[in-house]
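Residue numbers (our numbering), protein chains in the order written: chain A, -18 to 126; chain G, 5 to 570. From the three backbone atoms N, C-alpha and C, an ideal C-beta is built for every residue, glycine too. Below is one structure, written out as structure tokens; comments come after it.
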Amino acid sequence: MQNTKEVKTEFEPKILAFCCNWCAYAGADLAGVSRFQMPTDVRVIRVMCSGRVPPELIIRALANGLDGVMVLGCHPGECHYSEGNYLTRRRAHVLKRLLDYIGIEPERFQLRWVSAAEGAKFSAVVKETTDKIKALGPNRWVDKK
Amino acid sequence: MAAPRIGVFICHCGTNIGGIVDVPQVVEYAKGLPYVAHAEANMYTCSEEGISSIKHGIKEYDLNRVVVASCTPRTHQPLFRNACADAGLNPYLFEFVNIREHCSWIHMQNRREATEKAKELVKMGVAKARWLDAQEEFESEVYPAAMVIGGGVAGMSAALNLANQGFEVHLVEKEPELGGRLLKLNRLFTINKEPGELVGNIVKAMEGHSNIKLHMPAVVKAASGYIGNFDISVDEGGKEVSFKVGVIIVATGAQVLKPELYRYGELANVLTQLDLEQRLKDGELGEFQNVVMINCVGARIPERPYCSRVCCMTAIKNAALMKEINPEARVYVLYRDLMTYGVEFEEYYREAKEAGVRFIRYTPSNPPQVMGKEKVESVKVYDELMDMELELPCDLLVLATPLIANEDNEELSKMLKVPIGDGGFFLEAHIKLRPVEFAMDGIYVAGTCRWPADIRESIAQGYAAASEAMIPLRQGKVKVEAITAVVDPKICKGCGACVLVCPFDAIELKKSEIRGLEGKIVSEVNTALCKGCGLCAAACPNGAVQQRGFTDTQLLSMVNALSGKR
């Protein structure tokens, strides 16, 4: 057990985070301004709304071999565009099942809500997701094909 | 179009970035990326010197794309876009990479990893930049009129402010008279005057104003359009009235909770503070000897966690008034915490104590108990500070209940496409930085429909909302960032998925009039209505709808760059 743990800590996953401009991206900015230190494995792509992220793109990222994909949006009811994140939430449920069906661990995809005021939450989400993906290990889906 | 020639400018930001990320190494790395014609480091890219090196670089290296890797687009994008525009490059051929907030500042202990991450972020930015297109910003006219919904003190203040500056104002009030909640009050706190005079003056100014058109009693039935160009329809006493405005101010106020606590509605001598004011106003209160007031009734509890802010002062006001009417009366205020912020409020509280009002602190885990069968005879309370139970004789029990959101907020929220937040109150664009605007352009908010506020705050918010609303009215034109949706009618199959998801009704299915596609049912975007969320682009099953600046190709190129695919 000790051994496997050591092997796993050497694995540095590559995780992509789509952040909506109004809440999550601003939350990530706040985390930076607050100097919250966090794992280096997450790369952010800014979109205007979490609802802009098509499921195909998430599948593409995972099929390309990225170890995890996060979509971070405004809390339900707080969407800058009124209802974009509801759409994101509905898609996420279906996407998780689809990922499972095609043989990608659904946990590699994470949908979370981070407001512009939640720098600490952004940093917690990054840490949590990194730990989760590290525990899952590298994304071997490409090799399996 | 000419082959992409990308210039990459990487900022040290003093030591903010340069102290952690190995900037020269990132510059070298950037030089090797596809289509990069030039890469350089700047001490501060946002400084005069940095900006001129961007402008110089565009000319010197014939750049047709610019990438700046520095801080956050949320603060600095306009600056760098302007630099591009100054050098003759379309500002939409600029891409921002955040290596400060999202890298150096959050990985201060790990320089090597931070540098590797910065390289990848730059690689992703460059990959997107290759696919950027020039865009033209849409400009639309602003119709020089405003609608204010709500004729309370906040709405009237906003309306008068706009009207006095020469703009036409339509004020829509659902009651048959102006004045709102103020009309129901007996006295105003700290000045102890009847509100009649204050309201009367404002109402008079409203009614006689040539720029103000009053719609009363009336409710908004439909609103469509966008900043500068709203079409409004109101139901005015059963008659439909339509008009056009450029901006909207929401000032619909709030209502007072009628509680189901402390046997309110069951025993005749249990009143709310508002009931008490009504009776005082009508001269129908009658004799009283022992008055108990309870604060925070139905407020600061799990289902209604907020503090209503005005009730402490209301209780203090009415408690002191009871002593004034009958100096022999015993008046108790049972409170959880007292909100008497600022100078006058604290002074007002002190005066009430000096007048003989007794304040007793209770806790929600041990709330006061109402004793009596036909009517309240006494109130038992556990005094938190004395650590003992008291039984107070009582012939009049007055409950301070919070302001709660109007029930019709939800309908209005859907109609205007503005959000409501906790407790059903309207939600401003930013809690600190944009307190009187909605995220929806051209719509503003003031007064207690946003959050409980007193008269002074409501008036200040009315003025603030009016002055924000004045900006587009005065300018006469608004520019919209060109990140709107665009449909390729050749690819579009007319399924309407985009129409369904659009929160702004900005997409319609129409018969195409384009040559070669005549009669084909395709989606068409009304750019003026589009807010650039990109929901339609994500919903389109065959990529016919794209969002400018966030196209499928651009996003995919970033994903591919990160995962090492071309």
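Beta bridge counterpart(s) of residue i as assigned by DSSP
| i | result |
| --- | --- |
| residue 24 of chain A | A:-3 |
| residue 247 of chain G | G:236 |
| residue 94 of chain A | A:54 |
| residue 276 of chain G | G:403 |
| residue 423 of chain G | DSSP, once it has assigned bridges, lists no residue as partnering residue 423 of chain G. |
| residue 514 of chain G | G:526 |
| residue 11 of chain G | G:42, G:70 |
| residue 551 of chain G | G:489 |
| residue 367 of chain G | G:370 |
Other residues of its chain near residue i: CB distance less than 7 Å, five sequence neighbours each side excluded
| i | result |
| --- | --- |
| residue 107 of chain G | 25, 118, 121, 122, 125 |
| residue 239 of chain G | 222, 223, 225 |
| residue 171 of chain G | 148, 149, 150, 215, 477 |
| residue 435 of chain G | none |
| residue 188 of chain G | 278, 281, 282 |
| residue 534 of chain G | 488, 489, 508, 510 |
Beta carbon proximity, residue i to chain G, threshold 8 Å
| i | result |
| --- | --- |
| residue -5 of chain A | yes |
| residue 74 of chain A | no |
| residue 80 of chain A | no |
| residue 51 of chain A | no |
| residue 9 of chain A | yes |
| residue 59 of chain A | yes |
| residue 117 of chain A | no |
| residue 68 of chain A | yes |
| residue -8 of chain A | no |
| residue 92 of chain A | no |
| residue 12 of chain A | yes |
| residue 21 of chain A | yes |
| residue 30 of chain A | yes |
| residue 101 of chain A | no |
| residue 34 of chain A | yes |
8 Å Cβ cutoff, residue i in contact with chain A
| i | result |
| --- | --- |
| residue 9 of chain G | no |
| residue 1 of chain G | Outside the shown range of chain G (5 to 570) lies residue 1 of chain G, about which nothing can therefore be said. |
| residue 323 of chain G | no |
| residue 548 of chain G | no |
| residue 505 of chain G | yes |
| residue 423 of chain G | yes |
| residue 114 of chain G | yes |
| residue 455 of chain G | no |
| residue 69 of chain G | no |
| residue 551 of chain G | yes |
| residue 535 of chain G | yes |
| residue 104 of chain G | yes |
| residue 124 of chain G | yes |
Alpha-carbon spacing of residue i relative to residue j, whole angstroms
| i | j | result |
| --- | --- | --- |
| residue 558 of chain G | residue 564 of chain G | 10 Å |
| residue 88 of chain A | residue 48 of chain G | 41 Å |
| residue 217 of chain G | residue 155 of chain G | 12 Å |
| residue 556 of chain G | residue 473 of chain G | 36 Å |
| residue 329 of chain G | residue 282 of chain G | 16 Å |
| residue 387 of chain G | residue 366 of chain G | 6 Å |
| residue 83 of chain G | residue 13 of chain A | 21 Å |
| residue 71 of chain G | residue 28 of chain A | 17 Å |
| residue 431 of chain G | residue 299 of chain G | 26 Å |
| residue 505 of chain G | residue 68 of chain A | 8 Å |
| residue 21 of chain G | residue 81 of chain G | 18 Å |
| residue 508 of chain G | residue 232 of chain G | 15 Å |
| residue 408 of chain G | residue 302 of chain G | 10 Å |
| residue 395 of chain G | residue 384 of chain G | 4 Å |
| residue 220 of chain G | residue 241 of chain G | 7 Å |
| residue 413 of chain G | residue 469 of chain G | 18 Å |
| residue 141 of chain G | residue 483 of chain G | 6 Å |
| residue 61 of chain A | residue 449 of chain G | 16 Å |
| residue 167 of chain G | residue 184 of chain G | 20 Å |
| residue 164 of chain G | residue 173 of chain G | 8 Å |
Supposed close pair residue i, residue j - CB separation, criterion 8 Å
| i | j | result |
| --- | --- | --- |
| residue 40 of chain G | residue 462 of chain G | Not quite, the Cβ-Cβ distance comes to about 56 Å (not below 8 Å), so this is no contact. |
| residue 516 of chain G | residue 493 of chain G | 5 Å |
| residue 573 of chain G | residue 400 of chain G | Outside the displayed span of chain G (5 to 570) sits residue 573 of chain G, for which this structure offers no information. |
| residue 29 of chain G | residue 486 of chain G | So it is not a contact: roughly 35 Å between Cβ atoms. |
| residue 562 of chain G | residue 262 of chain G | In fact, because the Cβ distance is near 55 Å, the residues do not count as touching under 8 Å. |
6 Å CB neighbourhood of residue i in its chain, flanking five on each side removed
| i | result |
| --- | --- |
| residue 7 of chain A | 97 |
| residue 62 of chain G | 91, 93 |
Interface partners of residue i on chain B, CB under 9 Å
| i | result |
| --- | --- |
| residue 26 of chain A | Among the chains of the structure shown, chain B does not appear; the protein chains present are A and G. |
Near the ligand MN: residue i beta-carbon under 7 Å from a heavy atom
| i | result |
| --- | --- |
| residue 374 of chain G | As presented, the structure is devoid of all ligands, the ligand MN included, so that no description of it is given. |
Close-in-space but distant-in-sequence residues of the same chain around residue i (CB under 8 Å, 5 per side omitted)
| i | result |
| --- | --- |
| residue 362 of chain G | 334, 335, 336, 337 |
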